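Number of protein chains: 2
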Amino acid sequence: MSDETVKYLLPENRIPKSWYNIVADLPQMPEPVLHPGTKQPVGPADLEPLFPMAIIEQEVATERDIEIPEPVRDVYKQWRPAPLYRARRLEKALGTTAKIFYKYEGVSPSGSHKPNTSVAQAFYNKEAGIKKLTTETGAGQWGCSLAFAASLFGLEVDVYMVKVSYGQKPYRRALMETYGARCVASPSTETNAGRKILEEDPENRGSLGIAISEAVELAAQRDDTKYALGSVLNHVLLHQTVIGIEAMEQMEMADADADVVIGCAGGGSNFGGIAFPYIGRNLREGKNTRIVAVEPAACPTLTRGTFAYDFGDTAQLTPLTKMHTLGASFMPPGFHAGGLRYHGMSPLVSHCKELGLMDAVSYNQVECFSAAVQFAQAEGIVPAPESSHAVKAAIAEALDAKEKGEERTILFCLSGHGHFDMQAYTDFFEGKLEDKTYDEALLQEALSKLPNVG
Amino acid sequence: MSDETVKYLLPENRIPKSWYNIVADLPQMPEPVLHPGTKQPVGPADLEPLFPMAIIEQEVATERDIEIPEPVRDVYKQWRPAPLYRARRLEKALGTTAKIFYKYEGVSPSGSHKPNTSVAQAFYNKEAGIKKLTTETGAGQWGCSLAFAASLFGLEVDVYMVKVSYGQKPYRRALMETYGARCVASPSTETNAGRKILEEDPENRGSLGIAISEAVELAAQRDDTKYALGSVLNHVLLHQTVIGIEAMEQMEMADADADVVIGCAGGGSNFGGIAFPYIGRNLREGKNTRIVAVEPAACPTLTRGTFAYDFGDTAQLTPLTKMHTLGASFMPPGFHAGGLRYHGMSPLVSHCKELGLMDAVSYNQVECFSAAVQFAQAEGIVPAPESSHAVKAAIAEALDAKEKGEERTILFCLSGHGHFDMQAYTDFFEGKLEDKTYDEALLQEALSKLPNVG
Numbered sequence: 000m001s002d003e004t005v006k007y008l009l010p011e012n013r014i015p016k017s018w019y020n021i022v023a024d025l026p027q028m029p030e031p032v033l034h035p036g037t038k039q040p041v042g043p044a045d046l047e048p049l050f051p052m053a054i055i056e057q058e059v060a061t062e063r064d065i066e067i068p069e070p071v072r073d074v075y076k077q078w079r080p081a082p083l084y085r086a087r088r089l090e091k092a093l094g095t096t097a098k099i100f101y102k103y104e105g106v107s108p109s110g111s112h113k114p115n116t117s118v119a120q121a122f123y124n125k126e127a128g129i130k131k132l133t134t135e136t137g138a139g140q141w142g143c144s145l146a147f148a149a150s151l152f153g154l155e156v157d158v159y160m161v162k163v164s165y166g167q168k169p170y171r172r173a174l175m176e177t178y179g180a181r182c183v184a185s186p187s188t189e190t191n192a193g194r195k196i197l198e199e200d201p202e203n204r205g206s207l208g209i210a211i212s213e214a215v216e217l218a219a220q221r222d223d224t225k226y227a228l229g230s231v232l233n234h235v236l237l238h239q240t241v242i243g244i245e246a247m248e249q250m251e252m253a254d255a256d257a258d259v260v261i262g263c264a265g266g267g268s269n270f271g272g273i274a275f276p277y278i279g280r281n282l283r284e285g286k287n288t289r290i291v292a293v294e295p296a297a298c299p300t301l302t303r304g305t306f307a308y309d310f311g312d313t314a315q316l317t318p319l320t321k322m323h324t325l326g327a328s329f330m331p332p333g334f335h336a337g338g339l340r341y342h343g344m345s346p347l348v349s350h351c352k353e354l355g356l357m358d359a360v361s362y363n364q365v366e367c368f369s370a371a372v373q374f375a376q377a378e379g380i381v382p383a384p385e386s387s388h389a390v391k392a393a394i395a396e397a398l399d400a401k402e403k404g405e406e407r408t409i410l411f412c413l414s415g416h417g418h419f420d421m422q423a424y425t426d427f428f429e430g431k432l433e434d435k436t437y438d439e440a441l442l443q444e445a446l447s448k449l450p451n452v453g
Numbered sequence: 000m001s002d003e004t005v006k007y008l009l010p011e012n013r014i015p016k017s018w019y020n021i022v023a024d025l026p027q028m029p030e031p032v033l034h035p036g037t038k039q040p041v042g043p044a045d046l047e048p049l050f051p052m053a054i055i056e057q058e059v060a061t062e063r064d065i066e067i068p069e070p071v072r073d074v075y076k077q078w079r080p081a082p083l084y085r086a087r088r089l090e091k092a093l094g095t096t097a098k099i100f101y102k103y104e105g106v107s108p109s110g111s112h113k114p115n116t117s118v119a120q121a122f123y124n125k126e127a128g129i130k131k132l133t134t135e136t137g138a139g140q141w142g143c144s145l146a147f148a149a150s151l152f153g154l155e156v157d158v159y160m161v162k163v164s165y166g167q168k169p170y171r172r173a174l175m176e177t178y179g180a181r182c183v184a185s186p187s188t189e190t191n192a193g194r195k196i197l198e199e200d201p202e203n204r205g206s207l208g209i210a211i212s213e214a215v216e217l218a219a220q221r222d223d224t225k226y227a228l229g230s231v232l233n234h235v236l237l238h239q240t241v242i243g244i245e246a247m248e249q250m251e252m253a254d255a256d257a258d259v260v261i262g263c264a265g266g267g268s269n270f271g272g273i274a275f276p277y278i279g280r281n282l283r284e285g286k287n288t289r290i291v292a293v294e295p296a297a298c299p300t301l302t303r304g305t306f307a308y309d310f311g312d313t314a315q316l317t318p319l320t321k322m323h324t325l326g327a328s329f330m331p332p333g334f335h336a337g338g339l340r341y342h343g344m345s346p347l348v349s350h351c352k353e354l355g356l357m358d359a360v361s362y363n364q365v366e367c368f369s370a371a372v373q374f375a376q377a378e379g380i381v382p383a384p385e386s387s388h389a390v391k392a393a394i395a396e397a398l399d400a401k402e403k404g405e406e407r408t409i410l411f412c413l414s415g416h417g418h419f420d421m422q423a424y425t426d427f428f429e430g431k432l433e434d435k436t437y438d439e440a441l442l443q444e445a446l447s448k449l450p451n452v453g
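In order, the protein sequences belong to chains B and P.
Per numbering that gives the first Met the number 0, residue 0 is the first one in the first sequence, and the count goes up by one each step.
Per numbering that gives the first Met the number 0, residue 0 is the first one in the second sequence, and the count goes up by one each step.
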């Protein structure tokens, strides 16, 4: 009849007590963050207009284990520890010799891994006496997750949502508003950055880079307001390591160990979350677990970008970080995995890639949706378009193992469910979904505009 | 800082081994089901065109505990035992002296309690050699849940979806199709029932009663095809009792006992699921736990309907059951809790109401959405519009306890999340949501057409 459901669930007291900081184990420190004006390394004071000191300290921390405050663990309890499943039905459908495990982060109230960091950020800001957070969001997963966390800690939130998504994803917007956040289409007339862009191009449909500029500009102006980012930065990836820490313990429960660990990568947060504890174990214990980041072929930061200093935003308000980038002025084509549509990549993930500690692959969206449908019919969970990239890579690994007659243990992060993304599935079924190609000339132009540093 | 998250999670081996059959404890048997033609009590053979024998046996079973087959418990493992939460943050927001607990069924892959029965129904049909299931769906929760279960057991599914919802809820339809089901707008030209209605009224926008007629008609025609219903019938409510059985054990973990148990009621399935184990305990142990069904004021089956024999569908193809009904030809006004928009009520729930074993209240949709937003901002979970009725009633109980200075322990079933229903929240925020009133003349006309039995 049905094949066995195999779920590994940790008890509540196994929610990690510390986040894992990969910097402590790296053979070489990442390059420093530079001030956008002076191009000299930033100090904590430079970041204070944007973040509370506790978060700045985490951004530059070098100790391996960083304690998770009790009030944060307490909120985590609502959905953590998140389940780890063995995909027995999918294995059977593929006829593979491989074992496939997935860590499911869609059990959070906003349906993705993002609350792992939004709860921590809301907590530290509340502790610092902050009243309001500003942020940007693309497809809306991050905006919803910050709005959720802020509602629990009694903080106001203004979300600058990429205008094209604001129109296309009214339901994510409604979720933010349900949590009490204010959602503004970006570019807006509320900021200098937004007004400047609208003057030049009243029809501008926005980008993550523009929305970041707006959110950063407003946070910097007020003492009671700070900025929150949902990916890319060190402290964000730090908070996400609960994914990998739990998964490693659950794999032990399953009496298995991963040969390959897979995560989709946009800014790098769920990828870093599942991968960093495994990269750290490789480094400390001389293990050889393969680590694979999966990105969209239409926005291939790790596989086609340059490793260089760049801005995180369009208006060049953010500090400069050394990362894989397609150039801050690069505009990726529209595709459904909005959470992977960013020109840059986490500096820590980029650094690991440069050090040869991980691989990266890219896939087109049609093959990813096809994999997601196969997964849903076997496992019952509908992946978010972002997560479908990890699903595709896991299936490719399983089929490769089958072809080679190898046993192989595959672990991937299913970072969120697709209940808010069913239009994408509708397009897929109606044959309207097309693979998108970035504009090579645009990429070269964006890369030629990278800031000249050092 | 944040108030404590209190979650009670049972280990996997505490998934119930049996469903609870309330018939065993009732002081009086419910009235028999009648054949639509002869108006004589039906026997198993009369139901065979629609259901496999294992389900027919459950429909008429009188023993208290009915074993859950291992393959069904195995699929339940994917999300069960479902969590029970204490709503500490909501209690604080209300300033109430009451304790509020909620059993959360939105953790299933389709986001509601419906898979508790769809998995069982898919299993029994597969065991009986059935190839295809037909069913109806309104807002789509049931259709998605049956499609999910059928995909795991390798059954085909044809879902007749109320035409107005088919247009308004394309994302639920996309979810059904992702699970491999075929979704047809009802009334359709695929059935005699559908064609007849379209001939009389080509613009007919459908109803649950019509969609049931279509699904039943097709199932009855083919030996390899059976019909599956998502609510109302005894076996469906039986399967849902895992909700209440688990909740009762979790309340013991919390060292608490419910003074009042609340569920929203459309056809009665999540309500019966949480309430029947408590009604049974009242009967067996002489306890006095209050049981409250909550229905929409615009479709007030229990509070304004007649207790009489009626058809479950419009074309009068179903057997006659004695239940609270607004009349099979009654057309409720459009409101957002599509899952509560049905003219009838579970015969078992109706019987309990007639025996004085439970109460019923009704609320309008605007006050329910207002309660749902307050709940989401305190507890982080966005309720489905149907579930918002239970939330509203729980808040009303908590405020009543506060006014009276009473300690009171409230348990309610949060039957699903609202991630597919954000248009309703958008309408609420934009002030477009209005309370709907049913047409009293229409109700009287529908009641006057009740079949003349005995």
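For glycine and all other residues, C-beta sits at the position ideal for the given N, C-alpha and C.
Predicted model only: the values in this text are computed from it and were never measured.
- Where Thr425 of chain B is concerned, the enclosing alpha helix (DSSP H) starts and stops at Met421 to Phe428.
- The Cβ-Cβ distance between Ser230 of chain P and Ile209 of chain P does not fall below 7 Å.
- Considered as a whole, the stretch 349-379 of chain P harbours 364-378 as its complete alpha helix (DSSP H) runs of no fewer than 4 residues, in chain order.
- An exposed status is given to Met28 of chain P, since fewer than 16 other beta-carbon atoms sit within 10 Å of its beta-carbon.
- In the three-state reduction of the DSSP assignment, Tyr165 of chain P falls in the helix class, which pools H, G and I.
- The continuous alpha helix (DSSP H) containing His388 of chain B extends over residues Pro384 to Glu402.
- A straight-line Cα-Cα distance of about 36 Å links His323 of chain P and Leu174 of chain B.
- Scanning the stretch 245-307 of chain B from its first residue to its last, the whole alpha helix (DSSP H) runs of 4-plus residues come out as 268-284 and 300-303.
- For Tyr19 of chain B, the beta-bridge partners assigned by DSSP are B:Asp64.
- The CB of Ile380 of chain B comes closer than 7 Å to the CB of Pro108 in chain P, given here in chain order.
- Under the DSSP definition of a beta bridge, Glu135 of chain P partners with P:Tyr159.
- Around the CB of Ala227 of chain B, 16 or more other CB atoms lie within 10 Å, so the residue is classed as buried.
- By the C-beta density criterion, Lys352 of chain P is buried, having at least 16 other C-beta atoms within 10 angstroms.
- Relative to the Cα of Phe368 of chain P, the nearest Cα in the group P:Ser111, P:Ala359 and P:Met421 belongs to P:Met421.
- Contact check for Ala445 of chain P against Leu325 of chain P passes: the beta carbons are separated by less than 7 Å.
- Listed along chain P, the residues sitting closer than 9 Å to Ser150 of chain B by beta-carbon distance are Ala375, Gln376, Ala377 and Gly379.
- With the rule of 3 Cβ pairs closer than 8 Å, the stretch 137-147 of chain P does not count as touching the stretch 25-45 of chain P.
- Neighbourhood of Glu11 of chain B in chain P, by CB distance below 9 Å: Lys6 and Leu8, in chain order.
- Arg72 of chain P: member of the alpha helix (DSSP H) spanning Glu69 to Tyr75, first to last residue.
- A straight-line Cα-Cα distance of about 27 Å links Arg221 of chain B and Pro31 of chain B.
- Within chain P, no residue has its CB atom less than 7 Å from the CB of Met52 of chain B, the nearest being about 17 Å off.
- DSSP, read as helix, strand or coil, puts Phe334 of chain B in coil.
- Collapsing the DSSP output to three states places Leu319 of chain B in a strand.
- For His342 of chain B, there are no neighbours in chain P by C-beta distance under 9 Å, as the nearest C-beta there is about 29 Å away.
- Along the stretch 422-442 of chain P, the positions whose C-beta sits under 8 Å from a C-beta of chain B are Gln422, Tyr424, Thr425 and Phe428, read in chain order.
- Against chain B, the beta carbon of Leu174 of chain P has neighbours under 8 Å at Val381, His418, Met421 and Tyr424, listed in chain order.
- Three or more beta-carbon pairs separated by less than 8 Å link the stretch 236-250 of chain B to the stretch 16-23 of chain B, which places the two stretches in contact.
- Here Ala445 of chain P carries a helix assignment [DSSP, helix/strand/coil].
- Counting along the chain, Lys125 of chain B sits inside the alpha helix (DSSP H) bounded by residues Pro114 to Glu126.
- Contact between the stretch 158-167 of chain B and the stretch 384-403 of chain P is absent, with fewer than three C-beta pairs closer than 8 Å.
- In this structure, B:Ala255 is the residue among B:Leu154, B:Lys113, B:Val156 and B:Ala255 with its C-alpha nearest to the C-alpha of Glu406 of chain B.
- The beta-carbon separation of Val293 of chain P and Glu396 of chain P, rounded to 11 Å, does not stay under the 8 Å limit for a contact.
- Contact with chain B is found for Lys76 of chain P, since one of that chain's Cβ atoms lies less than 7 Å from the residue's Cβ.
- At a cut-off of 7 Å between beta-carbon atoms, Asp254 of chain B makes no contact with chain P.
- Between Pro276 of chain B and Ile244 of chain B, the C-beta gap is smaller than 7 Å, which places the two residues in contact.
- Cβ atoms of Lys435 of chain B and Gly337 of chain B stay farther apart than 8 Å, at about 12 Å.
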